[in-house]
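**Student:**
Residue numbers (the numbering used here): 214 to 316.
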């Protein structure tokens, strides 16, 4: 007899996240912390994959993500770096906001 994965037994939700799912994930992480995403998804009662929970947290729900326009200081820094490095951004020092914190 073939073993069926637990995730395959449970019907997983696909598509956009609901506000309720976001709150479930935020509250669970606030109490238990990040990590072990596959077990976190089950323990939080979410019908999502661990990967889906991790991506939702890292890209949308983390409290340290800065949204909106860049500051004047950041704009001036970009202009200064561009005058020095030109369009060779991979060569410029990584002193701007991290990519993960800009959304």
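C-beta: ideal position from N, C-alpha, C; glycine also.
Because the structure is a prediction, the values reported are computed rather than measured.
#1: Would you decide whether residue 273 is buried or exposed? Buried here means 16 or more other CB atoms lie within 10 Å of its CB.
#2: Roughly how far, in whole angstroms, is the beta-carbon of residue 250 from the beta-carbon of residue 260, given that I think they are within contact range, below 8 angstroms?
#3: Apart from the five residues just before and just after residue 269, which ones in its own chain have a Cβ nearer than 7 angstroms to its Cβ?
#4: In angstroms, rounded to a whole number, what distance separates the CA positions of residue 294 and residue 280?
#5: When the distance is taken between beta carbons, is residue 241 closer than 7 angstroms to residue 257?
#6: Using the Cβ count rule (16 or more neighbours within 10 Å means buried), how would you classify residue 301?
#7: Using the beta-carbon count (16 or more within 10 Å), is residue 234 buried or exposed?
**Tutor:** This is what the structure holds:
#1: Indexing the chain shown from 1 puts residue 273 at position 60. Residue 273 comes out exposed.
#2: Locating residue 250 in the chain shown gives position 37, where the first residue counts as 1. Locating residue 260 in the chain shown gives position 47, where the first residue counts as 1. Actually they are not in contact, since the Cβ atoms of residue 250 and residue 260 sit about 14 angstroms apart, beyond 8 angstroms.
#3: On the chain shown, residue 269 is found 56 positions in, with the first residue counted as 1. Excluding sequence neighbours, residue 269 sits near 230, 238.
#4: Within the chain shown, numbered from 1, the residue matching residue 294 stands at position 81. Within the chain shown, numbered from 1, the residue matching residue 280 stands at position 67. Between residue 294 and residue 280, the C-alpha separation is close to 22 angstroms.
#5: For the purposes of this step, residue 257 is taken as the residue at position 44 of the chain shown. For the purposes of this step, residue 241 is taken as the residue at position 28 of the chain shown. Cβ distance < 7 angstroms, so residue 257 and residue 241 count as in contact.
#6: Working through the chain shown from its first residue, we reach residue 301 at position 88. That one is exposed.
#7: Taking the chain shown and counting its residues from 1, the one referred to as residue 234 is at position 21. Residue 234 is buried by the Cβ-count criterion.
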